[in-house]
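Undergrad: Residue numbers (this note's numbering): 18 to 241. Every residue gets a Cβ at the ideal spot worked out from N, C-alpha and C, and that includes glycine. Handing you a structure now.
This is the structure:
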């Protein structure tokens with residue numbers, strides 16, 4: 018069905034958004050007895066956070082909104098209702114002139130971006146927040162695999178805000194964001210203030226995979 022939508026829209030570069038939802042057979046908070054429906058939408062798509070941001074990096078601010086507590090819902094789910102939190106955070110910081118929001122978890126550790134996972138680089142080693150309060154993203158998993166293939170050390174751990182301030186490089190990952198460098202957090206320059214060497218290496222490898230230039234990763238792709 019995904020391929021049919023892409024063919025019908027004749028998209029060379031696009032974004033797919035599948036959604037599952039309950040039907041209108043009943044009202045109330047219980048879905049029992051309601052049918053499940055599936056819809057798939059597609060849009061022409063470029064760089065989610067801007068073409069310039071892919072090279073120079075983006076400006077990020079920590080939002081005053083907190084990421085979900087682990088017991089508020091099934092936080093591993095990519096659920097539509099969870100995105101209210103992301104919308105509020107993104108609106109808050111973009112209204113102040115920033116490109117994207119970063120959210121902390123209920124204990125004050127870095128969780129993720131409004132719609133992206135986070136990686137930082139310190140002394141040649143990659144770190145990313147554990148999955149306590151963030152989505153187990155597909156692109157996150159892809160970057161973890163790419164990092165391993167490149168011989169980079171990666172650790173999943175709790176990350177504090179000041180660790181991001183003091184890191185050498187930082188970048189977001191996501192289906193829409195792909196691999197987007199971060200040059201600034203809360204008005205503080207990250208590293209050299211632009212895309213760093215390890216981010217560049219991972220980003221280049223990622224696009225080699227996505228655009229079918231990596232023979233070893235052809236199995237990751239679905240051809241239209």
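Residue 62 by DSSP, collapsed to three states: which one?
TA: Taking the chain shown and counting its residues from 1, one reaches residue 62 at position 45. Coil, per DSSP.
Undergrad: Helix or strand or just coil, what does DSSP make of residue 142?
TA: Along the chain shown, one-based indexing puts residue 142 at 125. Three-state DSSP puts residue 142 in a strand.
Undergrad: Take the Cβ of residue 107 as the centre, count every other Cβ of all protein chains shown within 10 Å, and call the residue buried at 16 or more, exposed below.
TA: Position 90 of the chain shown, counted from the start, is the residue given in the question as residue 107. By the 10 Å Cβ count, residue 107 comes out buried.
Undergrad: Any idea if residue 112 is buried or exposed, counting beta-carbon neighbours within 10 angstroms, 16 or more meaning buried?
TA: Position 95 of the chain shown, counting from 1, holds the residue named residue 112. Exposed.
Undergrad: Measure the CB-CB distance between residue 127 and residue 185 and report whether it falls below 7 Å.
TA: Taking the first residue of the chain shown as 1, we reach residue 127 at position 110. Taking the first residue of the chain shown as 1, we reach residue 185 at position 168. In this structure, residue 185 does not lie closer than 7 Å to residue 127 by Cβ.
Undergrad: How many angstroms separate the CA atom of residue 191 from the CA atom of residue 211?
TA: On the chain shown, position 174 is the one that residue 191 refers to. On the chain shown, position 194 is the one that residue 211 refers to. Answer to the nearest angstrom: the Cα atoms are 19 Å apart.
Undergrad: Beta-carbon separation of residue 150 and residue 122 under 7 Å?
TA: Sequence index remark: in the chain shown, residue 150 carries index 133 (1-based). Sequence index remark: in the chain shown, residue 122 carries index 105 (1-based). Yes, these two residues count as a Cβ contact at 7 Å.
Undergrad: Can you find at least 3 beta carbon pairs, one from the region 212–229 and one from the region 89–109, that sit closer than 8 Å?
TA: no
Undergrad: List the residues that DSSP assigns as beta-bridge partners of residue 33.
TA: Walking along the chain shown from the start, residue 33 turns up at place 16. Bridge partners of residue 33: 59.
Undergrad: Please classify residue 112: does DSSP put it in a helix, a strand, or coil?
TA: Here the question's residue 112 lines up with position 95 in the chain shown. Note: residue 112 maps to coil in three-state DSSP.
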